[in-house]
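**Q** In the numbering used here, the protein residues as written are 104 to 258.
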Ligand SMILES: [Ca+2]
Ligand SMILES: [Ca+2]
Ligand SMILES: [Ca+2]
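So, in structure tokens, the structure goes:
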């Protein structure tokens, strides 16, 4: 999969680099990271996240975080999400990793509707389904790379 990601990234970078209206380098890198993210959950390899792929991604992430399988992401398990993100994506994010970790903590905090410091499946799935829905600008229940490049967050 690493190889596939490298191929996708180089494929995406080239057309951007020949465009007249070049986005700033930092924005370009952000888009590359998002393409990597799509590739990771794109099961049928069409570089579009279909509804089923988004659902599978949200379920998979919840299950991966819920280490003791009690259906709740505890405070310690929440910290585990942040630690694993740091370990898995540290290299991709480089010097902006700390910013991304802040965003991640912020999102997980927002997902916790009743502020009890842990996330139920209902809290988690509601928040992240909404979050990915915001990227889907044409409302066809799938997210393309182009849609994923839109900034939907206020944080
Ligand atoms: Ca797909
Ligand atoms: Ca748990
Ligand atoms: Ca909660």
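The beta-carbon is built from N, C-alpha and C at its ideal position, and this holds for glycine as well.
What residues are listed by DSSP as bridge partners for residue 199?
**A** Taking the first residue of the chain shown as 1, we reach residue 199 at position 96. Paired residues: none, contrary to the question.
**Q** Is it buried or exposed, residue 142, if we count other Cβ atoms within 10 angstroms and call 16 or more buried?
**A** By 1-based counting over the chain shown, the position of residue 142 is 39. Its Cβ being crowded by 16 or more others within 10 Å, residue 142 is buried.
**Q** Please list, in chain order, all residues of the same chain as residue 120 whose beta carbon is under 6 Å from its beta carbon, the five residues on each side excluded.
**A** As a working mapping, residue 120 is identified with position 17 in the chain shown. Residue confidence for residue 120 is low, a pLDDT of 46 falling below 50, so the modelled location carries little weight; the figure read from the coordinates is stated next. So no residue of the chain qualifies.
**Q** Do residue 230 and residue 213 count as a contact pair if the criterion is CB distance below 8 Å?
**A** Here residue 213 is taken as the residue at index 110 of the chain shown, counted from 1. Here residue 230 is taken as the residue at index 127 of the chain shown, counted from 1. Yes; because the gap between Cβ atoms is below 8 Å, this pair is in contact.
**Q** By alpha-carbon positions, which one of 131, 127, 136, 128 ends up nearest to residue 203?
**A** For the purposes of this step, residue 203 is identified with residue 100 of the chain shown, where counting begins at 1. For residue 203, the nearest C-alpha among the options comes from 136.
**Q** Do residue 161 and residue 169 have their CB atoms nearer than 8 Å?
**A** Counting from one through the chain shown, the residue named residue 161 turns up at place 58. Counting from one through the chain shown, the residue named residue 169 turns up at place 66. Taking a C-beta distance under 8 Å as the contact criterion, residue 161 and residue 169 do not qualify as a contact pair.
**Q** Given this structure, state the Cα-to-Cα distance separating residue 211 from residue 181, to the nearest angstrom.
**A** Within the chain shown, the letter at position 108 stands for residue 211. Within the chain shown, the letter at position 78 stands for residue 181. Residue 211 and residue 181: Cα-Cα distance of roughly 8 Å.
**Q** In this structure, how does DSSP classify residue 121 when only helix, strand and coil are distinguished?
**A** Locating residue 121 in the chain shown gives position 18, where the first residue counts as 1. Any reading at residue 121 must be qualified, since the residue scores a pLDDT of 47, below 50, and its modelled position is unreliable; the value itself is stated next. Note: residue 121 maps to coil in three-state DSSP.
**Q** Relative to the C-alpha of residue 132, which residue among 185, 194, 223, 240 is closest?
**A** Mapped onto the chain shown, residue 132 falls at position 29. Of 185, 194, 223, 240, the residue nearest in Cα terms is 194.
**Q** Please work out which residues of its chain come closer than 6 Å, Cβ to Cβ, to residue 220, disregarding the five sequence neighbours upstream and downstream, and give them in chain order.
**A** Indexing the chain shown from 1 puts residue 220 at position 117. Within the same chain, residue 220 has close Cβ partners 178.
**Q** When you compare each of 154, 250, 207, 201 to residue 277 by their alpha carbons, which one comes out closest?
**A** One cannot answer for residue 277 here, as it falls past the ends of the chain, which runs 104 to 258.
**Q** Quick check: the stretch 181 to 192 against the stretch 143 to 155, are there 3 or more CB pairs under 8 Å?
**A** Proximity of the stretch 181 to 192 to the stretch 143 to 155 falls short of the contact definition, fewer than three beta-carbon pairs being nearer than 8 Å.
**Q** Any chance the CB of residue 249 is under 7 Å from a heavy atom of ligand 3?
**A** As a working note, residue 249 is residue 146 in the chain shown. Checking every heavy atom of ligand 3 against the Cβ of residue 249, none is found closer than 7 Å.
**Q** Would you mind reading off the limits of the alpha helix (DSSP H) that contains residue 229?
**A** Numbered from its first residue, the chain shown carries residue 229 at position 126. The continuous alpha helix (DSSP H) containing residue 229 extends over residues 224 to 238.
**Q** Where do the N-terminal and C-terminal ends of the alpha helix (DSSP H) with residue 249 fall, by residue?
**A** The residue given as residue 249 occupies position 146 in the chain shown. Unbroken alpha helix (DSSP H) run through residue 249: 248 to 251.
**Q** Report yes if the C-beta of residue 229 is less than 7 Å from at least one heavy atom of ligand 3; otherwise report no.
**A** Taking the chain shown and counting its residues from 1, one reaches residue 229 at position 126. Not so, every heavy atom of ligand 3 lies at least 7 Å from the Cβ.
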